[in-house]
Amino acid sequence: MSIILLIMAGCSVGSRSHSYSLNDFHIPSSFPDKLDDGFVQTKTNTEENTVRSGEMPTPSRRNGNKGANLNTKKLSNTLITSDYTHAHLDVDQAVRLINSYRLKHNLKPIRLNVLLTKAAKQHSRDLAKLDRISHFGSDGSNPMDRIEKAGYTARVAAENIGTGQLTFREVMAGWKKSLGHNKNLLLTEAEHVGVALVFDPDTEFRTFWTLVIGAPS
């Protein structure tokens, strides 16, 4: 029986007026962040999903509850002082930062992949559209669903997401300090990566980051 492993880490959220956390993660900046606990999903060739740890069960394709448990909690009355017009993503620099970090841990470098980038962009756009932070899409999709839809057949895949950060360097600094996110950055089997940023000044979170790491089957 073939097994595809999907690792989904939590979500980092930036806000001045809200500082709360579901674990011990904290970025020493003007934007305190929160993360939910990461969880591991296994997906077999029978399409059965098992959540081994964490708090967010995966919407089942069989029970008709797609879209459940979307973790739609939003920040209210936030005081935004940063100039988000300067938010940007240099994809080449992002890949260099990831590979530099992996090299320090004696791990092989990963390469930018157009299909994983497509999956990352789709999710960042979806998060911005609804102004929320969640690993589940508005259609109930999970990361593996989006990766497969983009045309990438994954043997292993991981997703990190974040909101409120101005640069990839800032969001990665937060991921490195979170156990679940850091494990994804240092995924031993990883070969490819996709990264995306969507900026929407009309949303509460402003910036929506998605990183997808994987290895083909």
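Counting along the sequence shown from 1, when you hit position 138 you're at 348 in the numbering used here, and nothing is skipped either side. We treat Cβ as the ideally placed atom computed from N, Cα and C, and that holds for glycine. In this text, all values refer to a predicted model and were calculated from it rather than measured experimentally.
How is the alpha helix (DSSP H) around P353 delimited, first residue to last? Run containing P353: P353 to K359, per the alpha helix (DSSP H) assignment.
Would you report the Cα separation of F249 and H345, rounded to the nearest angstrom? Only weak support exists for where F249 lies, its pLDDT of 30 falling under 50; the coordinates are left without a value.
CB contact flag (N401, I320, <7 Å): The sequence given here has Glu at residue 401, not Asn. Yes, these two residues count as a Cβ contact at 7 Å.
Rounded to a whole number of angstroms, what is the C-alpha to C-alpha distance between E380 and A338? Taking the straight line joining both Cα atoms gives about 19 Å.
Apart from the five residues on each side of it in sequence, which residues of its chain come closer than 7 Å, Cβ to Cβ, to F409? For F409, where only same-chain residues beyond five positions count, the Cβ hits under 7 Å are Y294, A297, R416 and T417.
Taking the alpha-carbon of S310 as reference, which of K386, N370 and T413 has the nearest alpha-carbon? Checking every option, the nearest Cα to that of S310 belongs to K386.
Cβ-Cβ distance between A329 and V366 below 7 Å: Not closer than 7 Å, so no.
Just the Cα atoms here: how many angstroms apart are I357 and G374? Cα to Cα, the separation comes out at about 24 Å.
Tell me F409's beta-bridge partners as DSSP assigns them. Beta-bridge annotation (DSSP): F409 is paired with T417.
At the level of alpha carbons, what is the spacing between N316 and W419? Between the alpha carbons of N316 and W419 lies a distance of about 26 Å.
Nearest CA to the CA of Q332: which residue from K359, T377, T398 and G372? If we check each option's Cα against that of Q332, K359 comes out closest.
Quickly, what does DSSP pair V324 with across the bridge? List them, please. Paired residue(s): none; V324 is not in a bridge.
When the Cα of T363 is compared with those of K393, F378, L325 and E399, which residue comes out closest? Taking each of K393, F378, L325 and E399 in turn and checking the Cα distance to T363, the smallest one comes out for L325.
Among I371, L313, K314 and D302, the one whose alpha carbon lies nearest that of D336: With distances taken between Cα atoms, D336 lies closest to I371.
Quick check on L395: buried or exposed, where buried means 16 or more other Cβ atoms within 10 Å of its Cβ? Counting every other CB atom within 10 Å of its CB across the protein chains shown gives L395 a total of 16 or more, marking it as buried.
Which residues bound the alpha helix (DSSP H) around E380? In the DSSP annotation of this structure, the continuous segment of the alpha helix (DSSP H) that includes E380 starts and ends at F378 to K386.
Exposed or buried, what is R306 when buried is set at 16 or more other beta-carbons lying within 10 Å of its beta-carbon? R306 counts as exposed, since fewer than 16 other beta carbons sit within 10 angstroms of its beta carbon.
Proximity winner among V403, P411, D412 and T413, relative to V422 (alpha-carbon distances): If we check each option's Cα against that of V422, V403 comes out closest.
Between S388, V405 and M354, which has its C-alpha nearest S476's C-alpha? Residue 476 lies beyond the residue range present for the chain, which begins at 211 and ends at 427; the question has no answer from this structure.
Residue from N352, A383 and L397 whose Cα sits closest to the Cα of K318: Cα-wise, what sits closest to K318 is L397.
Residue nearest to V301 in terms of C-alpha spacing, selected from H391, L322, D341 and L313: Ranked by Cα distance from V301, the options H391, L322, D341 and L313 are led by L322.
Here's the rule I'm using: 16 or more other beta-carbon atoms within 10 Å means buried, otherwise exposed. How should G361 be labelled? It is exposed - the Cβ of G361 has fewer than 16 other Cβ atoms within 10 Å.
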